[in-house]
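Residue numbers (the working numbering): 2 to 188. Down below is the structure, laid out as structure tokens.
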């Protein structure tokens, strides 16, 4: 009987060590993620906040933990919708944003708004649920898209003016995509 108790105790120590290793691995994955990871409990209070969240939003982990997510990073005009959505999900289990990629506004510590990409998942922990947000700052992506659009528009306008200039020099009929055909007359 004593040998069995010792074997059981040894197995329990091994399982506990494996659990600690698994928890440590999960923590390192979250801490090294390129996206912000923010976890909240059912009351909307922040329970996890990784280094990328610190970088994007400007709040340290210590400052963020225990705070209401809505007070920290959700713009004022969206806070009621956030609270209502959280309460509805807890009451009914009806997901509206879970498992979807969304673009929305978020607040930095300095009060500035930015567009972020957000994915939210829900997990059961004991008898309660936690909500995991994976957040990416889209500021640079949006700026790059706007620069490409501006460059494309500039190229189109330059092409139109060149066609008009070339046609004006020859007095020939020309057409410009989207504007039809016309004859340029010398003046």
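Beta carbons are placed, not taken as given, at the ideal position from N, Cα and C, and that holds for glycine.
- Residue 13 has its alpha-carbon roughly 12 Å from the corresponding atom of residue 5.
- DSSP places residue 3 within a helical segment (H, G or I) once states are collapsed to three.
- The beta-carbon distance between residue 27 and residue 53, rounded to whole angstroms, is 16 Å. This is too long to meet the 8 Å contact definition.
- Fewer than three pairs of CB atoms, one per stretch, sit closer than 8 Å, so the region 90 to 98 makes no contact with the region 111 to 118.
- Rounded to whole angstroms, the separation of the alpha carbons of residue 124 and residue 19 is 22 Å.
- Contact between residue 119 and residue 103 holds: their C-beta atoms lie close to 5 Å from each other, under 8 Å.
- By the neighbour-count definition (other C-beta atoms within 10 Å, threshold 16), residue 138 is a buried residue.
- Between the C-alpha atoms of residue 106 and residue 23 there is a straight-line separation of about 34 Å.
- Residue 47 sits close to residue 70, with the two beta carbons spaced by under 8 Å.
- For residue 126, the enclosing beta strand (DSSP E) stretches over residues 114 to 126.
- The beta carbon of residue 67 lies closer than 7 Å to those of 46, 47 in the same chain, with the five residues before and after it left out.
- Distance from the CA of residue 101 to the CA of residue 9, rounded to the nearest whole angstrom, comes to 45 Å.
- The Cβ atoms of residue 109 and residue 58 sit closer than 8 Å to each other.
- The residues 55, in chain order, have a CB closer than 6 Å to that of residue 61 in the same chain once the five nearest residues on each side in sequence are set aside.
- Here residue 35 is exposed: its Cβ has fewer than 16 other Cβ atoms, across all protein chains shown, within 10 Å.
- Under DSSP, residue 55 shares a beta bridge with no residue.
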